[in-house]
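Q: Questions regarding the structure given below will be posed in turn.
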Amino acid sequence: MRFVVLFFGFFGVLMTGFMGGMFLMAKEFLDLLHANQIEFLDFFANSPTGVPHPDTGMFLMGAAMYGLLGVVLAFVRCGRQGALMLLLPVLVAGLMNPFSLAFTGLQAFAALLSFFVFPLPLEESSDTDEDDEEEEEKSKAKSKPKPKPKRKSYEDDED
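For my numbering, add 125 to where a residue sits in the sequence shown, where the first one is 1.
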C-alpha cells in the first residue's frame with residue numbers, strides 16, 4: 126500500500142504544483158488568450174469566491190510542498206500524519222477556489238489511501254523473553270557436567 130500512496134501522491138503533488146503555477150500566471154495566460162482571440166470559458170477568468178488567482182496559486186504551491194512531505198511520511202509508515210499533510214492544504218485551496226479541486230483531486234485520493242498505511246506492529250512484550258531466559262537457566266542447571274570420578278587407588282601402585 127505504501128508504494129501505491131507513493132505513486133498516486135507523487136503525481137498528485139506534481140498536478141497540484143502545476144495548477145499552482147497556472148494560477149500564479151493566470152493573468153499572463155488570459156492576456157495571451159485574448160491576444161490570439163481564442164475563446165475560453167469564463168469560469169477561469171473570474172474567481173467564484175473573490176480570492177485573487179495569484180493568492181490561490183501561492184497556496185497551491187505550498188500545498189504541493191506539504192503534499193510532498195506527506196507522501197514521504199506515508200512512505201515511511203506514518204500514514205495518518207502523511208494523510209493530514211496531503212489532505213488539509215487541498216481542502217483549504219478548494220475553499221479558496223473550488224475549480225482547483227479538479228486538479229488536486231489526485232492528491233486528495235492519495236491522502237485517503239494513506240489512511241490505510243499503518244506502522245509496523247510492535248514486538249511482543251518482554252514477559253515471554255524473561256520466561257525464555259528462566260527456562261534456559263533451568264536447562265543449563267540440569268545439564269551441568271558431572272565431575273570426573275576420582276582415581277581409584279590400587280595397592281600395586283604404591284611405590
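Glycine is no exception: its CB is placed at the ideal position from the N, C-alpha and C atoms.
How is the alpha helix (DSSP H) around M210 delimited, first residue to last?
A: G204 to M221
Q: Tell me whether Q162 is buried or exposed, calling it buried when 16 or more other Cβ atoms sit within 10 Å of its Cβ.
A: exposed
Q: Measuring CA to CA, which of L238, A160, N222 and N171 is closest to F135?
A: Here the closest residue by C-alpha is L238.
Q: For the alpha helix (DSSP H) that V196 lies in, which residues bound it at each end?
A: H178 to F200
Q: Please confirm if the stretch 206-214 is in contact with the stretch 171-179, defined as three or more CB-CB distances below 8 Å between the two stretches.
A: no
Q: Classify F184 as buried or exposed, calling it buried when 16 or more other Cβ atoms lie within 10 Å of its own Cβ.
A: Buried is the call here.
Q: Output the distance between the C-alpha atoms of F234 and A188, rounded to the nearest integer angstrom.
A: 14 Å
Q: Beta-carbon of N171 versus every beta-carbon of chain C: anything under 9 Å?
A: Protein chains in the displayed structure number just one, and chain C is not present.
Q: Confirm, please, whether the CB-CB distance from F143 to L155 is below 9 Å.
A: Against a cut-off of 9 Å, the Cβ pair of F143 and L155 comes out as no contact.
Q: By Cβ distance, which residues of its chain are closer than 8 Å to L220, with the 5 residues on each side in sequence left out?
A: So the list reads T174, once near-sequence residues are dropped.
Q: Quick check on DSSP: helix, strand or coil for M144?
A: helix
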